[in-house]
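**Q** Residue numbers for the sequence shown follow the working numbering, so the first one is 325 and each next one is one higher.
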Amino acid sequence: MDYYFWIKAGHLVSVIIFISGMILNGFLFTYLRPTVANADWVTAAIRWNARFIGTVLMFVWIFGLTLAWLGGWYADVWMWVKFVLAFILAGIHGVQTSMFRKLAANPDEPVPAFLRQSGILTMVFVALIVVLVSTKPF
């Protein structure tokens with residue numbers, strides 16, 4: 325039995341959940357400011373990232389690297405460009421998670437503009453990845 329389509333479905337579901345979480349994180353940084361009185365949302369965001377988004381990121385990489393291997397794309401330039409963009413997205417998620425921890429320790433910590441725009445950055449990177457995967461231009 326060929327498991328390629330099941331692995332592809334797992335990758336797509338994992339990516340959708342991961343990207344949704346990153347966009348939500350960007351929304352939280354943009355529109356919510358923690359205070360001592362309402363710091364519960366920061367704690368909830370830390371738990372959400374640790375339990376769900378971080379776990380899903382692991383599946384994104386496992387399924388994605390498996391697909392690259394099964395498809396024989398590991399030598400293609402478009403795949404390496406996609407890999408770099410995906411690695412940057414994972415890094416942005418790491419920075420988001422780190423900022424939540426800083427906000428939990430100090431609600432007055434200023435949120436950098438980069439993180440306030442991280443939801444938009446996530447969508448731009450995802451659009452670039454979708455174009456690469458759909459067209460395989462090089």
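Built from N, CA and C at the ideal position, the CB exists for glycine as well.
Every value quoted in this text rests on a predicted model; they were computed, and no experiment measured them.
With distances taken Cα to Cα, identify the nearest neighbour of F353 among T421, I377, L336.
**A** T421
**Q** Is the Cβ-Cβ distance between F342 and I370 less than 8 Å?
**A** no
**Q** Assign V435 to one of three DSSP states: helix, strand, or coil.
**A** coil
**Q** Tell me the rounded alpha-carbon separation between I416 and M346.
**A** 8 Å
**Q** What residues in its chain sit with their C-beta under 8 Å from that of K332, if we drop five residues either side in the sequence?
**A** F387, L391
**Q** So what does DSSP say about F462, is it helix, strand or coil?
**A** DSSP places F462 in coil when its eight states are reduced to three.
**Q** Would a C-beta distance cut-off of 8 Å place F462 and I412 closer than the cut-off?
**A** In this structure, I412 does not lie closer than 8 Å to F462 by Cβ.
**Q** Using the three-state DSSP reduction, which class does T379 fall into: helix, strand or coil?
**A** helix
**Q** Could you give the distance in angstroms between the alpha-carbon of A428 and the alpha-carbon of V457?
**A** It is roughly 38 Å from the alpha-carbon of A428 to the alpha-carbon of V457.
**Q** Taking just the CA atoms, how far does S344 sit from R425?
**A** 20 Å
**Q** Would you mind working out which of S442, P431, L394 sits nearest W330, comparing C-alpha positions?
**A** L394
**Q** If S338 and V380 are in contact, beta carbons under 8 Å, what's the gap, nearest whole angstrom?
**A** 5 Å
**Q** Among L348, M447, L389, whose alpha-carbon lies nearest the alpha-carbon of A368?
**A** L348
**Q** Is the CB-CB distance between L389 and I453 below 8 Å?
**A** No, the Cβ-Cβ distance between L389 and I453 is not below 8 Å.
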